[in-house]
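The structure under discussion appears below in the form of C-alpha cells.
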Amino acid sequence: MAKISYRGGGFSLTFRLSLGFTLLITFLMGAVGFSIYVRERNVFINGVVERGWAMVRLVNTVASEAMMSGNYAALGEVMKDLHADGSILEAGVFDKNGDIVASCGFASGVSAGVKDMATVADARKLTTIKDDKGKVTAVAFTSPILDSGGKSVGHIYMLTDFSFVESYLRQTVYNIIFNFVLATLAGLLLARLIIIRAVGRPIKELLLATERVAIGDFSYKLHVATRDELGRLARAFNAMSGELGVLFNSIKSIVGDMCSTSKLIARHSELFEVDFEKMDPARQTELIKEINSCARRIARTSEQLNSLALQFKTEN
89 MAKISYRGGG FSLTFRLSLG FTLLITFLMG AVGFSIYVRE RNVFINGVVE
139 RGWAMVRLVN TVASEAMMSG NYAALGEVMK DLHADGSILE AGVFDKNGDI
189 VASCGFASGV SAGVKDMATV ADARKLTTIK DDKGKVTAVA FTSPILDSGG
239 KSVGHIYMLT DFSFVESYLR QTVYNIIFNF VLATLAGLLL ARLIIIRAVG
289 RPIKELLLAT ERVAIGDFSY KLHVATRDEL GRLARAFNAM SGELGVLFNS
339 IKSIVGDMCS TSKLIARHSE LFEVDFEKMD PARQTELIKE INSCARRIAR
389 TSEQLNSLAL QFKTEN
C-alpha cells in the first residue's frame with residue numbers, strides 16, 4: 089500500500105489558503121508601493137533639477153545684459169528674489185576675472201571653494217552636496233554666462249536646498265509602509281473570511297457527512313448550493329452515499345435471508361434427529377428435501393454475498 093504523507097502541520101486549510109493569498113497581496117502591494125516610490129522620487133528630483141536650471145537661465149539672461157551695460161541693479165533685484173524663494177540657499181554671479189558682482193545667501197562671504205567651483209566650469213554642471221551620512225542635502229548649479237555672441241563673460245553659482253526633497257521622499261516611504269501594513273492586515277482578514285465562507289464551511293459539512301457515513305448512517309445528504317468543484321464534490325458524495333446505502337441494504341437483505349434459512353435448517357435438523365424413529369418414511373423424505381432446499385438456498389445467497397464483496401477493492 090502506498091504511504092500517504094500529510095503536510096501543513098496543525099494549520100487548517102483555510103488558514104493556509106488565506107496566508108497564501110495574503111502573501112500574494114503583500115508581494116503585489118510591495119511591488120506597487122516600490123514603483124510608486126521610484127516614480128515619485130524621479131518626478132520630484134527631475135522637477136527640482138528642471139526648476140534649478142530654469143532659474144539659472146533667468147539669472148544668465150539678466151547677468152549677461154548687466155555685464156554688457158554695466159548696470160547691476162536689475163541683477164541685484166533678481167538675486168534678492170532668488171533668496172526670498174526659500175529653496176535657494178546661496179547664489180553668486182562672477183565676472184570673467186572671477187570677481188563677484190552680485191550674490192545672496194552668503195553669510196560669511198564667498199569661499200574659495202565656491203569660487204573655484206563656479207569659475208572653473210566651462211559648461212553647465214550639477215554637483216550634489218552630501219552630509220556625513222551620505223545623504224544629499226543640496227544641489228549646486230554652475231554655468232558660464234554667455235553673451236549674445238556665445239562668448240563667456242562670467243559664471244553663475246547657485247546652491248539649491250535638497251533636504252525638503254529627502255524629507256518628502258522619507259514621508260512618502262512611511263506612508264507607503266503604513267498603507268502596506270494596513271492592506272496586508274485587511275487582505276489577511278478578508279481573505280480568511282472569504283475562504284471560510286467559500287471553502288471552510290463546505291469542507292466542514294463534508295467532514296460531518298463523512299463521519300456519519302463512517303458510523304453507518306447513509307441517510308445524511310449534503311446540501312448542494314453551488315456548481316463549482318465543491319458543489320460537484322457534494323453531489324458525488326451524495327451519489328456515493330446513496331450507492332453505499334443500496335449496497336448495504338442488499339447485504340442486509342441477503343444476510344437476513346441466510347439467517348432465516350439457517351434457522352429453518354437447524355429446526356428441521358433438530359426435528360429429524362428427535363423424531364427420526366417415530367417418523368414415517370414419507371415424512372423423513374420430506375424433511376430431507378426441505379433441508380437440501382435450504383442448503384441450496386444458502387449456497388445461492390452466499391454466492392450473491394460473495395459477488396457483492398468482490399465489488400470492494402481493499403488492496404492495491
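Numbering of the sequence shown is given in my numbering, commencing with residue 89 and proceeding in unit increments. In this text, a Cβ means the ideal position worked out from N, Cα and C, and glycines have one as well.
If contacts are defined as beta-carbon pairs under 8 Å, then residue i and residue j qualify, I think. What distance do you get, rounded to the angstrom?
i, j, result
"Ser106", "Arg280", "4 Å"
"Ala271", "Leu247", "Contact flag wrong, Cβ pair sits at about 40 Å."
"Leu294", "Leu321", "7 Å"
"Gly288", "Thr110", "Rounded, the Cβ-Cβ distance is 16 Å, inconsistent with contact."
"Gly121", "Phe268", "5 Å"
"Ile353", "Gln392", "About 18 Å separates the two Cβ atoms, so there is no contact after all."
"Val224", "Thr215", "Rounded, the Cβ-Cβ distance is 10 Å, inconsistent with contact."
"His356", "Ile386", "Incorrect: roughly 13 Å between the Cβ atoms, too far for contact."
"Gly201", "His171", "So it is not a contact: roughly 20 Å between Cβ atoms."
Could you give the first and the last residue of the continuous beta strand (DSSP E) run that contains residue i?
i, result
"Asp204", "Counting along the chain, Asp204 falls outside any beta strand (DSSP E), though it belongs to the alpha helix (DSSP H) covering Ala200 to Val208."
"Lys377", "From DSSP, Lys377 is part of no beta strand (DSSP E) but of the alpha helix (DSSP H) over Pro369 to Ala397."
"Ile217", "Lys213 to Lys218"
"Ile233", "Val224 to Leu234"
In terms of residue numbering, what span does the alpha helix (DSSP H) encompassing residue i cover?
i, result
"Lys292", "Arg289 to Ala302"
"Gly242", "Looking at the DSSP string, Gly242 is not in any alpha helix (DSSP H); the run it does join, the beta strand (DSSP E), is Ser240 to Asp249."
Exposed or buried, what is residue i when buried is set at 16 or more other beta-carbons lying within 10 Å of its beta-carbon?
i, result
"Phe325", "buried"
"Ser93", "Below a pLDDT of 50, predicted positions are generally treated as unreliable, and Ser93, at 47, falls in that range; the measurement from the model is reported next regardless. Per the 10 Å Cβ criterion, exposed."
"Ser390", "exposed"
"Asn148", "buried"
"Gly330", "exposed"
"Leu177", "buried"
"Ala397", "exposed"
"Thr298", "exposed"
"Gly140", "buried"
"Ala151", "buried"
"Phe266", "exposed"
"Cys347", "exposed"
"Gly180", "buried"
"Ser231", "buried"
"Lys91", "Below a pLDDT of 50, predicted positions are generally treated as unreliable, and Lys91, at 46, falls in that range; the measurement from the model is reported next regardless. By the neighbour-count rule (16 or more Cβ atoms within 10 Å), Lys91 is not buried but exposed."
"His243", "buried"
"Met89", "Low confidence applies here, because Met89 scores a pLDDT of 42, under 50, leaving its location unreliable and the question unanswered by this model."
"Gly96", "The pLDDT assigned to Gly96 is 47, lower than 50, so where the model puts this residue is not dependable; a value taken from the coordinates is nonetheless given after this. Classification for Gly96: exposed."
"Ile376", "exposed"
"Phe250", "buried"
"Ile283", "buried"
"Tyr245", "buried"
"Val166", "buried"
"Ala119", "exposed"
Does residue i get closer than 9 Å to chain D when you measure Cβ to Cβ?
i, result
"Asp219", "Absent from the structure is chain D; it holds one protein chain and no more."
Flag this pair as touching only if the region 152 to 165 and the region 204 to 216 have three or more C-beta atom pairs under 8 Å; answer yes or no. Fewer than three Cβ pairs drawn from the region 152 to 165 and the region 204 to 216 lie within less than 8 Å of each other, which leaves the two stretches out of contact.
At what residue ranges does the region 150 to 198 contain a whole run of the alpha helix (DSSP H), taking only runs of 4 or more? Whole alpha helix (DSSP H) segments, 4+ residues: 161 to 172.
Closer than 8 Å is the cut-off here; do at least three beta carbon pairs connect the region 246 to 259 with the region 132 to 140? Yes, since at least three Cβ pairs between the region 246 to 259 and the region 132 to 140 fall closer than 8 Å, the two stretches touch.
The region 368 to 385 / the region 331 to 341 touching (three or more Cβ pairs under 8 Å): Judged by Cβ distances under 8 Å, the region 368 to 385 makes no contact with the region 331 to 341, as fewer than three pairs qualify.
For the region 232 to 242 against the region 273 to 291, are there 3 or more C-beta pairs whose distance is under 8 Å? Pairwise C-beta distances place the region 232 to 242 out of contact with the region 273 to 291, as fewer than three of them are shorter than 8 Å.
Please go through the region 96 to 125 and give each complete beta strand (DSSP E) segment of 3 or more residues, from N-terminal end onward. Under the rule that a run must span 3 or more residues, no beta strand (DSSP E) segment is found entirely inside the region 96 to 125.
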